[in-house]
Amino acid sequence: MELCIERIDSWLVDIPTIRPHKLSMATMGCQTLTLVRLTCADGLVGWGEATTIGGLSYGPESPEGIKSAIDCYLAPLVATMNAHVKGNSFAKSALETAFLDAQGKRLGLPVSTLLGGALSDSLPVLWTLASGDTQKDIAEGQTLLAEGRHRAFKLKIGARPLAEDLRHTAAIKRALGPDVSIRVDVNQAWDAGTAVRGMAALQDIGIDLVEQPVALWDRAALTRLSRRFTLPILADEAVADAHDGYALAAGGFTGAYALKIAKAGGPAQALKLAQVAQAAGVALYGGTMLEGTLGTVASLHAWSTLKLDWGSEMFGPLLLKDDVVTAPLRFADGQVSLPSGPGLGIDIDEDKLRFYRRK
Ligand code: MUC
Ligand code: MG
Numbered sequence: 016m017e018l019c020i021e022r023i024d025s026w027l028v029d030i031p032t033i034r035p036h037k038l039s040m041a042t043m044g045c046q047t048l049t050l051v052r053l054t055c056a057d058g059l060v061g062w063g064e065a066t067t068i069g070g071l072s073y074g075p076e077s078p079e080g081i082k083s084a085i086d087c088y089l090a091p092l093v094a095t096m097n098a099h100v101k102g103n104s105f106a107k108s109a110l111e112t113a114f115l116d117a118q119g120k121r122l123g124l125p126v127s128t129l130l131g132g133a134l135s136d137s138l139p140v141l142w143t144l145a146s147g148d149t150q151k152d153i154a155e156g157q158t159l160l161a162e163g164r165h166r167a168f169k170l171k172i173g174a175r176p177l178a179e180d181l182r183h184t185a186a187i188k189r190a191l192g193p194d195v196s197i198r199v200d201v202n203q204a205w206d207a208g209t210a211v212r213g214m215a216a217l218q219d220i221g222i223d224l225v226e227q228p229v230a231l232w233d234r235a236a237l238t239r240l241s242r243r244f245t246l247p248i249l250a251d252e253a254v255a256d257a258h259d260g261y262a263l264a265a266g267g268f269t270g271a272y273a274l275k276i277a278k279a280g281g282p283a284q285a286l287k288l289a290q291v292a293q294a295a296g297v298a299l300y301g302g303t304m305l306e307g308t309l310g311t312v313a314s315l316h317a318w319s320t321l322k323l324d325w326g327s328e329m330f331g332p333l334l335l336k337d338d339v340v341t342a343p344l345r346f347a348d349g350q351v352s353l354p355s356g357p358g359l360g361i362d363i364d365e366d367k368l369r370f371y372r373r374k
């Protein structure tokens, strides 16, 4: 069934975070979502979101650049954008999501069904401890464990000297106990030598997974590390789409890939990377760009069609003080529930969108 698209609108939406979120390259106090609404001739609408982290400090597209790419270049070409526009995977992801939402609503089917079919209606979800303070992170982790909201945690390291990061990581691992899975994300902060020392120490501390220890361009170092240590590596920034996944696996990388709809250019594109990983024997993880509910749900529909060896981190909405949807997602027992209903299965709160949109 064809969609007759009449117009595409986009907004920048600024929402404060519940606490500072410290990564190796930026500290977030606010998250900017780029939201897209695609309107069909008969009034049916589809929504999409593109979100990055820390302006231009995480990836090559800024929120303002994403909006401008959508308004000026992608909207007029939406049906053929992947053939006619280079790069701009974040902007493309918002449009692919809006297209899937509209098509699902038109057919009366959830996006997960359009993408192959959900294997389950909830997914494991960890939480990232990244206040920048060891004692605060321990208290936050203990509270979330006691509430049962999460059973696994990721720590953001790499901004401080290695010895300090190791003390921080060991203290949290000790305090939360041997049964709680702790992973770390270095966000490219180490050179190859630091990474060898860091991996050896993290292995001794009992960390389960090390994410993107070296620069995204250094595939050789990432591959060497993956073959040298039994502590597995999760490739994040180094693997955006199916082509990256193929090149990394063909070069001998072993470990796991963090799938993100924004890196790949949309939920369907991210699943192409998943297929390459499955063919190469690389494990899968459902990754986030710390999106709001819209982008998180779009990812959940895609991830629900997969067996995720390392679970997911689709907690973005919990980091935000508010959101622009009518009903929040349900997070409980270490899981997040996949909304049912046609399309993405969520509704936008127009009042909140008016309130939070950048004027
Ligand atoms: C990243 O690099 O993984 C995901 C979770 C989080 O806290 O930051 C993001 C980005
Ligand atoms: Mg990462």
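Residue numbers (my numbering): 16 to 374. Even glycine gets a Cβ: it sits at the ideal position worked out from N, Cα and C. All of these numbers come straight from a predicted model, not from anything done at the bench.
For Arg198, count neighbouring Cβ atoms within 10 angstroms of its own Cβ and tell me buried if that reaches 16, exposed if not.
-> Buried, by the Cβ-count rule.
Assuming Ser327 and Asp136 make a contact with CB atoms under 8 Å, what is their CB distance in whole Å?
-> Their Cβ separation, rounded to whole angstroms, is 14 Å, which puts Ser327 and Asp136 out of contact at 8 Å.
message = Quick check on Ile172: buried or exposed, where buried means 16 or more other Cβ atoms within 10 Å of its Cβ?
response = The residue is buried, with at least 16 neighbouring Cβ atoms inside 10 Å.
Nearest residue (CA-CA) to Lys367, options Gly147, Thr341, Leu122 and Lys374 | Answer by Cα proximity: Thr341.
Item to check | Burial state of Lys151 (16 or more Cβ within 10 Å) | outcome: With fewer than 16 other Cβ atoms within 10 Å, it is exposed.
Through-space distance from Ala298 to Ile85, alpha-carbon basis
Each residue's Cα considered, the two are about 33 Å apart.
ask   = Residue range of the alpha helix (DSSP H) that Gln284 falls in?
value = From DSSP, the alpha helix (DSSP H) with Gln284 extends over Pro282 to Ala295.
Three-state secondary structure assigned by DSSP to Val100:
DSSP places Val100 in the coil class of the three-state scheme, outside both helix and strand.
Within this structure, are the beta carbons of Ala113 and Ile81 separated by less than 7 Å? No, these two residues do not count as a Cβ contact at 7 Å.
Can you give the Cα-Cα distance for Thr149 and His183, rounded to whole angstroms?
A direct Cα-to-Cα measurement between Thr149 and His183 gives close to 6 Å.
* Asked: So who's on the other strand from Asp200, going by DSSP bridges?
  -> In DSSP, Asp200 forms a bridge with Lys171 and Glu226.
### Task
Report the option in Ala174, Glu155 and Arg175 whose CA atom is closest to the CA atom of Glu166.
Per the sequence shown, the amino acid found at residue 166 is Arg instead of Glu. The shortest C-alpha separation from Arg166 is found at Glu155.
Given the structure, does Glu328 come close to the ligand MG, in the sense that its CB is under 6 Å from one of the ligand's heavy atoms?
No, the ligand MG has no heavy atom inside 6 Å of this Cβ.
TODO: Rounded to whole angstroms, what's the CA-CA distance from Gly349 to Gly302? Just pull it up for me.
DONE: For the pair Gly349 and Gly302, the Cα-to-Cα distance works out to about 16 Å.
Assuming Arg52 is part of the beta strand (DSSP E), what are its boundary residues?
For Arg52, the uninterrupted beta strand (DSSP E) segment begins and ends at Thr42 to Cys55.
Along the chain, where does the alpha helix (DSSP H) containing Leu177 start, and where does it finish? For Leu177, the uninterrupted alpha helix (DSSP H) segment begins and ends at Leu177 to Leu191.
Checklist entry - Could you name the residues, in chain order, whose CB is less than 5 Å away from a heavy atom belonging to the ligand MG? => result Qualifying residues, in the order they occur: Asp200, Glu226 and Asp251.
Point to revise | Anticipated Cβ contact below 8 Å, Leu59 with Val28, distance rounded | key: Their Cβ separation, rounded to whole angstroms, is 22 Å, which puts Leu59 and Val28 out of contact at 8 Å.
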